[in-house]
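Counting along the sequence shown from 1, when you hit position 77 you're at 77 in UniProt numbering, and nothing is skipped either side. Just so it is clear, CB atoms sit at the ideal spot from N, CA and C, and this is done for glycine as well. Single-structure report; data block below.
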Amino acid sequence: MSENHNLLAEQRRALILDEVRKRGGVRVNELTRRLSVSDMTIRRDLDALARQGAVEKVHGGAVPVAEASAHEPGFEAKSTLELSAKEDIARVAAAMAAPGSAIALSGGTTTFALARHLLEVPGLTVVTNSVRVADVFHDAQRPSAGSGRAGAATVVLTGGVRTPSDSLVGPVADRAIDSLHFDVLFLGVHGISVEAGLSTPNLAEAETNRRLVQAARRVVVVADHTKWGTVGLSSFAALEEVDAFVTDAGLSDGVRQEMEEHLPGLVVAGGQEHRRKD
């Protein structure tokens, strides 16, 4: 972790989080020296990371949060995290949806942000198992929403059992998805890693996500940098099944290099955008 006087807060916190994960903990005095910032700045960074649930503060520093692989945060809890990163990701990913195409959006707060940007793409057919995503399109088509939107999307909401993240999963959703075919799937994930691929803490959601991946000609994962290295209870797709991975600029250099080795379709949104193609 090299010194840099001009790091933005989000970049600095990403470096701190990367260091916590690699070393199993950090000390405030070490970080002040390495990042050339004040003790108070580092403590504010650790406070922010602790509020996000990314680290646990201890006397003189911070350590990783020991989160169970089956723990599934609710939609409201996740919606407050990495807001600017999700907007950057959503803006770039929306450009990957061609007018008039059939797309699918999984559940999650990043796909929720993406849905708002997709309102400007004309003629879409949108299949989703997310109640929140469906509401974005529904609300935009109300008379009170105005007439400035592009051609209204046709939205197909799968049935199923509602999860804490407001996704519909289970046999009903799976059967509906099995009969469909999408040009592009925009997929939010709980975790992504080299060993586990794409994973989620919810077993039923894993199976529904697996069906979504199988029904798509192209799979685009949309997830902020904190999801890299996270592993949920159940894996549902390998990295080789991902055509593009859109993330944010909060990556440290080491993490970005590791991701590029395993994800040739990596797209980094925000700041200086970077793309590496097959």
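- Around the beta carbon of V194, fewer than 16 other beta carbons sit within 10 angstroms, so the residue counts as exposed.
- Rounded to whole angstroms, R43 and M259 show a C-alpha spacing of 29 Å.
- In the DSSP annotation of this structure, the continuous segment of the beta strand (DSSP E) that includes V219 starts and ends at 219–222.
- Cβ contact annotation for L157 (same chain, cutoff 7 Å, sequence separation greater than five): T128, A134, in chain order.
- In the three-state reduction of the DSSP assignment, G61 falls in the strand class, which pools E and B.
- If only complete runs of 4 or more residues are kept, the region 182–241 shows the alpha helix (DSSP H) at 203–214, in order along the chain.
- Exclusion of the five residues before and after G24 leaves V63, P64 as the residues of its chain whose Cβ lies within less than 7 Å of its Cβ.
- When DSSP states are grouped into helix, strand and coil, L180 belongs to the coil group.
- Its chain contains G188 as the residues whose beta carbon lies nearer than 6 Å to that of G108, once the 5 sequence neighbours on both sides are disregarded; these appear in chain order.
- Counting C-beta pairs closer than 8 Å gives three or more between the region 168–187 and the region 94–101, which meets the contact rule.
- Rounded to whole angstroms, the Cβ separation of V161 and A204 is 7 Å, and the two are in contact under 8 Å.
- For V267, the enclosing beta strand (DSSP E) covers residues 266–269.
- Between L168 and R211, the alpha-carbon positions lie close to 13 Å from each other.
- DSSP places V37 in the coil class of the three-state scheme, outside both helix and strand.
- Each of E207, A94, R256 was checked against the Cα of W228, and the nearest Cα belongs to R256.
- Remark: C-beta atoms of E56 and A48 do not approach each other more closely than 8 Å.
- When the beta-carbon positions are compared, T154 and I177 stay at least 8 Å from each other.
- The beta carbons of L263 and F245 sit closer together than 8 Å.
- Residue range 109–118 is occupied by the alpha helix (DSSP H) that includes L118.
- If you check the CB distance, D39 and T110 do not come in under 8 Å.
- The Cβ atoms of L266 and G197 lie no closer than 8 Å to each other.
- If you check the CB distance, A215 and L180 come in under 8 Å.
- Taking C-beta separations shorter than 7 Å and ignoring five residues to either side along the sequence, the partners of L31 in its chain run I16, I42, following chain order.
- The shortest CA-to-CA distance from T163 to any of R175, L114, V222, S106 is the one to S106.
- Of all alpha-carbon atoms in I89, A54, E10, V28, the one lying nearest the alpha-carbon of V220 is that of I89.
- For S101, the secondary structure class from DSSP, reduced to helix, strand or coil, is coil.
- Looking at the DSSP output, L157 shares a beta bridge with T128.
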